[in-house]
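Shown next, in structure tokens, is the structure this report addresses.
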Amino acid sequence: MKNPSSINDIKTSSLLTEQLLYWFEFSSDLLTLIDEKGYFTLVNPSFERVLGWTPEEMTSKPYIYFVHPDDIEATLHVNKNLIEGGNVVKFENRYLRKDGQYHWLKWDAFIMPDKNTSVCVAKDYQKTRETLEKLDMLKSAIESTFEGIVITGHISYDEAPEILFVNSAFEKLFGYTQEELLGKPHTLFSGPETDLTELNKFLAKNNKTNAKQLELLCYKKNGEKFWARVSLSPIFDSHGKCANWVSSYSDRTKENKQIKLLEESEQKFRSLAQDSIVGIHIINREKYVYVNNVFARNLGYTPEEIYQLQLKDFFHPDDFPLVLSKVENRLSGEITNEHYDIRMLTKSGSIRWMEIFGSTTLYNDNPAVIGTTIDITLKKEKDNQLRKLSRIIDQTESSILITDLNGRIEYVNPAFTQLTGYTLAEAIGQNPRILKTEKTGASIHQEMWKELGQNRSWKGVFCNKKKNGEEFWEQAVISPVFNENGIKLNYVAINKDITQRVKLEREKELLIEELSTSLEELKKFSYITSHNFRAPVTNLLGIIDLLDTSLIADPTTLTLIEGFKRSTLKLNETLEDLIETVVLRDHNKHIFEWISFENILEKACLNLNLSIQNSKTQMEANFEHARGGIFIGSFMESIFQNFIANSIKFAIPNQPLYIKINSKLEGETLTLTFEDNGLGMNLSKVKDKLFGLYQKFHKNDDSKGIGLYIVKSHVNAMRGVISVKSEINKGTTFTMKFKQ
Amino acid sequence: MIKNVLLIDDDDVTLMICRLRLKKSNFCENVFTALNGEEAVQFLEDQLLLPLDKQHLPDLIFLDLNMPVMDGWTFMDIYESRFKILMPTHAKIDILSSTVDPMDHERAKLYDSVRGFISKPLTEINLSELKGIETSKKT
Numbered sequence: 001m002k003n004p005s006s007i008n009d010i011k012t013s014s015l016l017t018e019q020l021l022y023w024f025e026f027s028s029d030l031l032t033l034i035d036e037k038g039y040f041t042l043v044n045p046s047f048e049r050v051l052g053w054t055p056e057e058m059t060s061k062p063y064i065y066f067v068h069p070d071d072i073e074a075t076l077h078v079n080k081n082l083i084e085g086g087n088v089v090k091f092e093n094r095y096l097r098k099d100g101q102y103h104w105l106k107w108d109a110f111i112m113p114d115k116n117t118s119v120c121v122a123k124d125y126q127k128t129r130e131t132l133e134k135l136d137m138l139k140s141a142i143e144s145t146f147e148g149i150v151i152t153g154h155i156s157y158d159e160a161p162e163i164l165f166v167n168s169a170f171e172k173l174f175g176y177t178q179e180e181l182l183g184k185p186h187t188l189f190s191g192p193e194t195d196l197t198e199l200n201k202f203l204a205k206n207n208k209t210n211a212k213q214l215e216l217l218c219y220k221k222n223g224e225k226f227w228a229r230v231s232l233s234p235i236f237d238s239h240g241k242c243a244n245w246v247s248s249y250s251d252r253t254k255e256n257k258q259i260k261l262l263e264e265s266e267q268k269f270r271s272l273a274q275d276s277i278v279g280i281h282i283i284n285r286e287k288y289v290y291v292n293n294v295f296a297r298n299l300g301y302t303p304e305e306i307y308q309l310q311l312k313d314f315f316h317p318d319d320f321p322l323v324l325s326k327v328e329n330r331l332s333g334e335i336t337n338e339h340y341d342i343r344m345l346t347k348s349g350s351i352r353w354m355e356i357f358g359s360t361t362l363y364n365d366n367p368a369v370i371g372t373t374i375d376i377t378l379k380k381e382k383d384n385q386l387r388k389l390s391r392i393i394d395q396t397e398s399s400i401l402i403t404d405l406n407g408r409i410e411y412v413n414p415a416f417t418q419l420t421g422y423t424l425a426e427a428i429g430q431n432p433r434i435l436k437t438e439k440t441g442a443s444i445h446q447e448m449w450k451e452l453g454q455n456r457s458w459k460g461v462f463c464n465k466k467k468n469g470e471e472f473w474e475q476a477v478i479s480p481v482f483n484e485n486g487i488k489l490n491y492v493a494i495n496k497d498i499t500q501r502v503k504l505e506r507e508k509e510l511l512i513e514e515l516s517t518s519l520e521e522l523k524k525f526s527y528i529t530s531h532n533f534r535a536p537v538t539n540l541l542g543i544i545d546l547l548d549t550s551l552i553a554d555p556t557t558l559t560l561i562e563g564f565k566r567s568t569l570k571l572n573e574t575l576e577d578l579i580e581t582v583v584l585r586d587h588n589k590h591i592f593e594w595i596s597f598e599n600i601l602e603k604a605c606l607n608l609n610l611s612i613q614n615s616k617t618q619m620e621a622n623f624e625h626a627r628g629g630i631f632i633g634s635f636m637e638s639i640f641q642n643f644i645a646n647s648i649k650f651a652i653p654n655q656p657l658y659i660k661i662n663s664k665l666e667g668e669t670l671t672l673t674f675e676d677n678g679l680g681m682n683l684s685k686v687k688d689k690l691f692g693l694y695q696k697f698h699k700n701d702d703s704k705g706i707g708l709y710i711v712k713s714h715v716n717a718m719r720g721v722i723s724v725k726s727e728i729n730k731g732t733t734f735t736m737k738f739k740q
Numbered sequence: 001m002i003k004n005v006l007l008i009d010d011d012d013v014t015l016m017i018c019r020l021r022l023k024k025s026n027f028c029e030n031v032f033t034a035l036n037g038e039e040a041v042q043f044l045e046d047q048l049l050l051p052l053d054k055q056h057l058p059d060l061i062f063l064d065l066n067m068p069v070m071d072g073w074t075f076m077d078i079y080e081s082r083f084k085i086l087m088p089t090h091a092k093i094d095i096l097s098s099t100v101d102p103m104d105h106e107r108a109k110l111y112d113s114v115r116g117f118i119s120k121p122l123t124e125i126n127l128s129e130l131k132g133i134e135t136s137k138k139t
């Protein structure tokens, strides 16, 4: 097909008309005619392809309806110019698409000579427009960055690449204006000391080399040198050929300084952390990611071992939830600098108390908790001890007073206040002299200060007075208190109120004095009375002994004399027993010595000789197993005598009396038994009265009820025990046991 | 046979009974009595002043302890210090007392001249024992 060369040619050819219509139908451009009323009169199919509207829809409304509201004014203005000027105008505006979006179109328009019809041709400008917008964004981004950006490229391939673009940061960095830079070779910033080898090598490759970073010594416009970090990226054209490079420059001097500072400060921190006396740690949620040596040493681990373990492995189970919540709070941004005490576990499993200070930091760009730990186990233990001690001091009944070395009161406990009436506030700063009375002799205080001066405790009794003047007695223990270096700090007095005791003791002393006086008098009295009784009784006995009744014939007189005799004997016997009881009370005067039972029995029998003969008693004594022991001789004699006499007295009348005496030694226990075949007793009736004073169990004439009392007293005095077995009309057995 | 016995006791009934008892037991030839220590001292002094063949110095003294004027203790003190060496027969003292104070027994032991401690009354047994001792002493 022959292309029309001019309008005139078209007019003359119907073939041409057909060709024009074909162009109208298939052109990729949007072709239209607009009438003087502003309506599309003809639209080609490209309108529907680009905007989505059918030709009917397009022609049914004035064209301005489809224009973006922001572009209406400009469009109308262009239209007016077109009508008035008649020239071809070019402009861009946005048209409404059927899907509701706007589409950029770039128009060429002119008006027909009749001034009624406008011929308008539009290109689809949407893509171009978007690209331009992106470019604008890139440009502003390049402008706003702090790095110096420069684009270099070859205008002609023979020459060195020249500068095509610089951003304002680049101007600032080098001190040149854009005008001074554009078109200049890229070596403008280099100087005598710049090593361009690497840069040129990179540029020479001239192919699909990837981006490269290098450092260059650069020169500013004023000659100042600086080290720049340069990032070079090739820019490829649509043919994949590298024509340009974009480079970014940043001054490394400052950066280096900062890095150096950073390194220095890190070094400082590290040495501080490692050499610190406190434990330092960084926690990254579940683990320790950094600990210093002190921290590790406190827990008996090496830092490496700690990094292997979980956070929970280091804390007492009761305390771990608290630790976890603190760590989580910090990591979630809560800013606290508080510290808390916690129980941590050492490698061996023992508990250490730690005081932890924590705060937030970054570790490898992640939030982390940094903290210090101080081992306060010893302090805790001391605190606990102190708490216990102070509780004791607060609760004890002893009044406690602490003074400084000059005797000024520093502390008193509640018991002190209760006792003396002085409160802590009243007592502090006072001298304990406020309690002093005349009743405490000066020598006591001298003695006390002497002992304390030699760093010894002193114990003694004071008579003091309360705040209300009332006197009280106290037993005091005063001790110096030293610190761990052996320096004396305080005196502590622990006092016990013994007023009541002193009073009681005084009363007791008086009572004892009184009692011993009366006892002494009583003793004297009893000796005198018994002596006074005894003298006439012995006379009566003497008279009876001398009385010769053979010369008396009167039977009544004989009976009377016989009665006198019997009464006298009985009186004497009672008197003898009473005297023995009195003497017995004074057993302090008796001494323990080894005695032989054989001898004792002999003496007892001698004393009782008459009776034994009279009653035809058969006696069987066996002392083979224990011939004697350590006893009070007179007591043992009395015991033998009493038992034998008792057996005789309470023998079954008209029946031979049999007495058996045995001794045996088992270990340290010496047993002595007296057995007879006499009247016996009903022990269930007699019970504990048996050994009582003046207890009689028989109607027997001779019974006075004192014998067994004496026996028991003697046995007890010799630290022995006595027991009895008896059956009526069968006999009685007494058993005595003594420790030897 | 024992020749002279001196009885010192403030109770004249006791003296009477003792005298009878000694006589009945045929214990000695002569019995002299004194109502207290002072009288006894006087008696001894008097006897010492007599010519030897008239002297009746006691071979044995029965002494009570509790007496008025001068008690038995004081008498023993004087006897030990003044008379003991002058007594050719080395007369011993037997305390004859109704005392019940055990301290008296202990105290009496401290005197050399005291031989025994007899609780009243003086019995046939006491006398035969004493007689035995005296006889063995002589032979």
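Protein chains in written order, with my numbering: chain L, 1 to 740; chain A, 1 to 139. The beta carbon of each residue, even a glycine, is placed where N, CA and C say it ideally should be. Note that the structure is a prediction, hence the values are computed from the model and not measured.
Residues that G720 (chain L) contacts on chain A, provided the C-beta gap is smaller than 8 Å: Those within 8 Å of G720 (chain L) in chain A number zero; the least Cβ separation is about 21 Å.
DSSP state of E124 (chain A) mapped onto helix, strand, coil: helix
Extent of the continuous beta strand (DSSP E) to which H281 (chain L) belongs: 279-284
Secondary structure of S144 (chain L), DSSP reduced to three states: Residue state, collapsed to three classes: helix.
Chain-ordered residues of the region 60-71 of chain A with a beta carbon less than 7 Å from chain L: Of all residues in the region 60-71 of chain A, N66 have a Cβ within less than 7 Å of some Cβ in chain L.
CA nearest to the CA of T346 (chain L), picked from L:T377, L:Y301, L:E338, L:Y340: L:Y301
Within chain A, partners of A535 (chain L) - CB distance below 8 Å: D11, T14, S98, K120
Contact check, V5 (chain A) vs L60 (chain A), beta carbons under 8 Å: A contact, by the Cβ cut-off of 8 Å.
Pairwise C-alpha distance: K739 (chain L) and G629 (chain L): 10 Å
At least three beta-carbon pairs within less than 8 Å, the region 419-439 of chain L to the region 460-480 of chain L: yes
Per DSSP, the bridge partner or partners of L131 (chain A): Reading off the sequence, residue 131 (chain A) comes out as Lys, not Leu. Looking at the DSSP assignment, K131 (chain A) forms no beta bridge with any residue, so it has no partner.
Alpha-carbon to alpha-carbon, E507 (chain L) and F462 (chain L): 19 Å
Residue span of the alpha helix (DSSP H) that contains L65 (chain A), given as start and end: That residue, L65 (chain A), is in no alpha helix (DSSP H); it is neither H nor E in DSSP.
N87 (chain L) classed as buried or exposed, judged by whether at least 16 other C-beta atoms fall within 10 angstroms: exposed
Within chain A, the residues that I543 (chain L) reaches when beta carbons sit closer than 7 Å: I17
Min CB distance L20 (chain A) to chain L below 8 Å: For L20 (chain A), the answer is yes, since a Cβ of chain L falls inside 8 Å of its Cβ.
Coil, strand or helix - D313 (chain L) by DSSP: helix
contact_flag[the region 78-94 of chain A, the region 15-31 of chain A] where n(CB pairs < 8 Å) is 3 or more: Between the region 78-94 of chain A and the region 15-31 of chain A there are fewer than three inter-stretch CB-CB distances shorter than 8 Å, so the stretches are not counted as touching.
Proximity test, Cβ basis, 8 Å: D53 (chain A) and chain L: no
Check whether L63 (chain A) and I2 (chain A) have beta carbons under 8 Å apart: no
Interface flag, D101 (chain A) vs chain L, CB-CB below 8 Å: yes
Extent of the continuous beta strand (DSSP E) to which M354 (chain L) belongs: 351-363
Which of helix, strand or coil DSSP assigns to Q618 (chain L): strand
Residue-chain proximity (E129 (chain A), chain L), Cβ-Cβ < 8 Å: no
Contact set between K24 (chain A) and chain L, taken where Cβ atoms lie within less than 7 Å: L546
DSSP beta-bridge partners of M344 (chain L): L:F315, L:R352
Burial state of E675 (chain L) (16 or more Cβ within 10 Å): So E675 (chain L) counts as buried.
Cutoff 8 Å: Y491 (chain L) Cβ touching any chain A Cβ: Output row for Y491 (chain L): interface = no.
Contacting residues, own chain, Cβ-Cβ under 7 Å from L389 (chain L) (five flanking each side not counted): none
DSSP-derived helix/strand/coil call for Q126 (chain L): The three-state secondary structure of Q126 (chain L), taken from DSSP, is helix.
T499 (chain L) versus E474 (chain L) - alpha carbon distance: 7 Å
Selection of the region 622-633 of chain L by Cβ proximity to chain A, strictly under 9 Å: none
CB-CB length for I282 (chain L) against V289 (chain L), believed under 8 Å: 5 Å
Which of helix, strand or coil DSSP assigns to F630 (chain L): This sequence places Ile at residue 630 (chain L); Phe is not what is there. Strand at I630 (chain L).
Burial state of G358 (chain L), where buried means 16 or more other Cβ atoms lie within 10 Å: buried
N222 (chain L) versus L:F174, L:K257, L:K436, residue with shortest Cα-Cα distance: Nearest C-alpha to N222 (chain L): L:F174.
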